[in-house]
Amino acid sequence: MNLKPETFQRIDEVITHYPVKRSATLPLLHLIQEDAGHISDEAITWIATKLELQPINVLEVVTFYPMFRRAPIGRRHIKVCRTLSCALSGGFKTCETFEKEFSTHRGEISPDGEVTVEFVECLASCGTAPVVLIDETLHTKVDATKAKQLSDQIKAEAAARK
Amino acid sequence: MSAPAQQRIIFQHIDEPGYTNDIECYLRNGGYEVLKKSVGRKPEELIDEVKKSGLRGRGGAGFPCGVKWGLVDRKSGKPIYLIVNADESEPGTFKDRYIMHQDPHQLIEGTIISCFANNVKQAYIYIRGEMPEGARILEKAIAEARAKNFVGPNILGTGYSCEIYVHRGAGAYICGEETGLIESLEGKRANPRIKPPYFPAVLGLYQCPTIVNNVETLCQVKYICDVGGEAYAKIGTPGNTGTRIFCVSGHVQRPGYYEFPAGTITMGQLLNDVCGGPLPGRTFKAVIPGGSSAKVLKFGERYKGKRKVGADMVDYDWGVEDVPMDFDSLAMIGSMGGSGGVIVMDDTVNMVEALANINAFYSHESCGQCTPCREGSLWMKKISSRMVNGDARPQDGALLKSVADQIPGRTICAFGEACSWPTQSFTIKFKDEFDAYSEVKKTLPADRTVLV
Ligand SMILES: Cc1cc2nc3c(=O)[nH]c(=O)nc-3n(C[C@H](O)[C@H](O)[C@H](O)COP(=O)(O)O)c2cc1C
Ligand code: SF4
Ligand code: FES
C-alpha cells in the first residue's frame, strides 16, 4: 500500500484503541480514504490482512456506509443537505447553484476536475439551514447568493494553484 | 401569556462571548470540579442520585437513565462499556453538535463521572462521520483532559482508570440506533440486533454489558452529580424533570436552540414568543415536534382527554399551541418529544411534497434487514415521489397509509416505526391534500419552495 508514513503510524495507533481488531475497520477506511482519496481493491485486501479478516468483511462495510467511495471524486467535495429543514429553506436552489457554477450534475466530477457536488442527508445543523459541507468545513445559511460566493472562492483557489 | 425564561444548564456557555473549547477556559469556569467531588463518593451513591433525579434519556426514547443503569449486568465478570451516542442523525435535531463543538469538556466530564459510577474502564464516543471537526475537537479535548489526569490511568490518584476513544461513523443514520451502533463499533454493517436477547445492558459491545447514552444525557448527569438528584428533580415537572433543549428549524423567524425546564413551555410560546412567530405574511400550518419521525401536528386540530395533575384527573382540550413541550404531553396527543427537533411548516408548504422529502430520507437509510422496513420505506418513497412528479391518483393517500400500517411492530428495530409514523400522520391529517393532489398540483405556484 502506498500511503504516507504518518498514515501508517496512525493506523497502528488506532488499532490499539480496541480489544478486538475488527473494530478498527471504520477508522482504517477513513484514514486510507483521507490519504488516497478513495477505497481501492488493494486497500480492502490490505485492511483485511491487517485486521485478520476476510476481504468480504471489509467490502461489505465499504458498500454499507455512504461516506466510503470506490472511485475518485473532484478535488473539492461539496455536500449539500437535502433533508426537510434545509429543503424548506431553499436547499434545492443551493444545490442547483453549485451544479450550474461548475457545469456539473449531482454525483459527478465537474469537467475541470475541481468539484464533486452531492446531495447528502441531514447534517445536524438544521437551525442554520440550508447547510453545506465543503470538504471538512460546514457552511451555514447557504442561500443561492452565498452558494455563488462560495463557488467563486473555490474557483479563485483553483486558479491560484495553477 | 408570554414564555417562561430560558434556564440554560447544558447550554449555559454555548455562544457565550470569549468562551472557548479548550480546557483552560473550562477550568476557569469551574470545570472538572464535579468530577473531583464525584470520585470521592461511592459509585452506588452516584447511581442513586441519577435515579432520584428522574432523568430521562435525551436521545429520543426518553427512557429513565437511572433505570437503564440499574439493568446493567454487574455480575458477569466481563468488562462494562459505555458508549456516548453522538450520532445525532435524526433530521431536525442539532443540539449535540453545539455541545461537542463549543463545550466538549462538559461531555467528557459527564462521561467520566458516568463511567466511574458504573465501573466502566473503557468508553467510546461514537460520532457521526459527517462531523470531522467535532471529532477533532473531542480528540484534542480528551488529550487535554488526559494531560491533567482527568482521563487515563489512576484518575486524580484514586486508583480508578478510564480511557475514552473517539470513533467516527460513516454516514449511516441507523448507527444512531443503539444496537446498530454497537455492530458498527465492532467493525460491521450497522444492522440492529434483535432485543431480546441483545439488550445492551447484558449483551452489548463484544457481548459485554454496555451502556449507551446520548451526549446531552451525560451532560445532564454531570449537572445531577453537582446539585444532587433531589434538587434536579425539582426542575421541570414530575415525570419530566430537568431542562429540555429544543432545536427549532424551518419556517419561523428565529430558528435555533432553546433550553427550558421541561414541560413549562407550550408549543405556542416556543414558536411565537421565543422563535418570533411565522415568517412575514405567513401562518403556521404544521409542526413535527420531536425529530422527523415524530407524528406531525396540524394547526387547527384539537386534542381532548384526561390527564393527571398532581393526584387529580383533569380534562384537557388543547390546540397545537397549548400543548406543553414534554415527553408525556406530546405522547398523549399522539406524537412524541423524541430528540427535541421541532420542524415548522407554514402555509406555503404542500404536505405531499414534504412527506416525499421525508420518505426519501427513510428509504435511503433503512439498513435493509427486515422486509417490511426495506420494501415498505422504498414503496412509500416511490408512491410519494411519483405523486409529486405528476402521476397522482385519488387513492394514493390510502395506499400510502396502508403500506405504512404494515410496518410497525414487524421489524427488528424502531426504525420501522420511525419510517411509518410520518406517512401515517400526514395522510390522515392532510387527507384532502393527498386525495386531491392530482388537481392541487395544477394550481401550485411555480415559484414555491422545492422540497423534492
Ligand atoms: C432509528 C433510530 C435512530 C436513532 N438515532 C439516535 C441518535 O442519532 N442519537 C441518539 O442519541 N439516539 C438515537 N437513537 C436512540 C438510541 O437507540 C438510544 O435509545 C439512545 O442513544 C439512548 O440514550 P439515552 O437513554 O441517553 O437517550 C435512535 C434510535 C432509533 C430507533
Ligand atoms: S427496522 Fe429497518 S432499519 Fe431496523 S433492522 Fe429492520 S430493516 Fe434495519
Ligand atoms: S435538514 Fe439539513 S442539516 Fe438537518
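Chains as they are written, first to last, in my numbering: chain S, 1 to 162; chain C, 1001 to 1452. Backbone N, C-alpha and C fix where the C-beta goes; we use that ideal spot for every residue, glycine too. Since the structure is predicted, the reported quantities are computational estimates derived from the model, not experimental observations.
{"query": "What first and last residue would you give for the alpha helix (DSSP H) that runs through LEU1071 of chain C?", "result": "Neither: LEU1071 of chain C is in no alpha helix (DSSP H) and is coded neither H nor E."}
{"query": "So, is the C-beta of ARG1097 of chain C closer than 8 Å to a C-beta in chain S?", "result": "yes"}
{"query": "Using a 10 Å radius around the Cβ and a threshold of 16 neighbouring Cβ atoms, would you call LYS1121 of chain C buried or exposed?", "result": "exposed"}
{"query": "Kindly say whether ALA87 of chain S, judged by its beta-carbon, lies nearer than 8 Å to any beta-carbon of chain C.", "result": "yes"}
{"query": "Since ASP1396 of chain C is in the alpha helix (DSSP H), which residue starts that stretch and which ends it?", "result": "1396 to 1405"}
{"query": "With a cut-off of 8 Å, does the C-beta of ARG69 of chain S fall near any C-beta of chain C?", "result": "no"}
{"query": "Does any heavy atom of ligand 1 sit closer than 7 Å to the C-beta of ASP1328 of chain C?", "result": "no"}
{"query": "Do you know whose CA, among C:LEU1205, C:GLY1204, C:THR1243 and C:THR1237, lies nearest CYS1219 of chain C's CA?", "result": "C:THR1243"}
{"query": "Extract the residue ranges of the beta strand (DSSP E) inside the region 89 to 132 of chain S, only unbroken runs of 3 or more that lie entirely within it.", "result": "115 to 120"}
{"query": "Sort out for me which residues DSSP pairs LYS1304 of chain C with in a bridge.", "result": "C:ASP1317"}
{"query": "For VAL14 of chain S, collect the residues of the same chain with a Cβ closer than 8 Å to its Cβ; drop the 5 residues on either side in sequence, then sort them by chain order.", "result": "ALA24, PRO27, LEU28 and LEU31"}
{"query": "Please indicate yes or no: does the CB of LEU123 of chain S lie closer than 7 Å to some heavy atom of ligand 3?", "result": "yes"}
{"query": "8 Å is my cut-off, CB to CB: does HIS139 of chain S come that close to chain C?", "result": "no"}
{"query": "Any Cβ of chain S within less than 8 Å of the Cβ of ARG1168 of chain C?", "result": "yes"}
{"query": "According to the neighbour-count rule (16 or more other Cβ atoms, all chains shown, within 10 Å of its Cβ), is PHE1260 of chain C buried or exposed?", "result": "buried"}
{"query": "Ordered along the chain, which non-local residues of its own chain (more than five positions away) have a Cβ less than 8 Å from that of HIS1101 of chain C?", "result": "ASN1021, GLU1133, GLY1134 and ILE1137"}
{"query": "Tell me the DSSP bridge mates of LYS1298 of chain C?", "result": "C:ALA1286"}
{"query": "Could you tell me the boundaries of the alpha helix (DSSP H) in which ASN57 of chain S lies?", "result": "55 to 64"}
{"query": "Please return the same chain residues whose Cβ sits closer than 8 Å to the Cβ of HIS1167 of chain C, not counting the five positions on each side in sequence.", "result": "TYR1124, ILE1125, TYR1126, ILE1127 and LEU1185"}
{"query": "Please state if the CB of GLY1169 of chain C and the CB of GLY1129 of chain C are separated by a distance shorter than 8 Å.", "result": "yes"}
{"query": "So, for LYS1285 of chain C: in the same chain, excluding its five sequence neighbours on each side, which residues have a beta-carbon less than 7 Å away from its beta-carbon?", "result": "PHE1299, MET1345, ASP1346, ASP1347 and VAL1349"}
{"query": "Using a Cβ-based criterion (distance less than 7 Å to any ligand heavy atom), does VAL1323 of chain C qualify as near ligand 3?", "result": "no"}
{"query": "Does the beta-carbon of ASN1359 of chain C, which I'm using as the reference point, lie nearer than 7 Å to any heavy atom of ligand 1?", "result": "no"}
{"query": "Just mark ASP1158 of chain C as buried or exposed, buried being the case when its beta carbon has 16 or more other beta carbons within 10 Å.", "result": "Note that residue 1158 of chain C is Thr in the sequence shown here, rather than Asp. Looking at its Cβ environment, which holds fewer than 16 other Cβ atoms inside 10 Å, THR1158 of chain C is exposed."}
{"query": "Is the beta carbon of PRO1408 of chain C within less than 7 Å of some heavy atom of ligand 2?", "result": "no"}
{"query": "Please report the straight-line C-alpha distance between GLU1321 of chain C and VAL1248 of chain C, rounded to a whole angstrom.", "result": "15 Å"}
{"query": "Starting from ARG161 of chain S, trace the beta strand (DSSP E) both ways and give me its first and last residue.", "result": "Note, ARG161 of chain S: premise wrong, no beta strand (DSSP E); alpha helix (DSSP H) at 144 to 161."}
{"query": "Output the distance between the C-alpha atoms of LYS1036 of chain C and ASP1226 of chain C, rounded to the nearest integer angstrom.", "result": "10 Å"}
{"query": "Would you please verify whether the beta carbon of CYS1370 of chain C is less than 8 Å from any beta carbon of chain S?", "result": "no"}
{"query": "Just checking my contact of ARG69 of chain S with ILE39 of chain S at CB under 8 Å: how many whole Å lie between their CB atoms?", "result": "7 Å"}
{"query": "Which residue's Cα is closest to the Cα of TYR1257 of chain C: C:ILE1265, C:PHE1246, C:MET1387 and C:MET1267?", "result": "C:PHE1246"}
{"query": "Taking any Cβ of chain C, which residues in the region 110 to 141 of chain S have a Cβ under 8 Å from it, in chain order?", "result": "VAL120, GLU121, CYS122, LEU123, ALA124, SER125, CYS126, GLY127, THR128, ALA129, LEU133, GLU136, THR137 and LEU138"}
{"query": "Does the region 1297 to 1315 of chain C come close enough to the region 1201 to 1209 of chain C to have 3 or more Cβ pairs within less than 8 Å?", "result": "no"}
{"query": "Closest to THR94 of chain S by C-alpha separation, out of S:GLY107, S:LEU84, S:VAL80 and S:SER103, would be which residue?", "result": "S:VAL80"}
{"query": "Is there a Cβ of chain C sitting closer than 8 Å to that of HIS77 of chain S, yes or no?", "result": "no"}
{"query": "Give me whichever residues DSSP pairs with TYR1198 of chain C in a beta bridge.", "result": "Per DSSP, none; premise fails for TYR1198 of chain C."}
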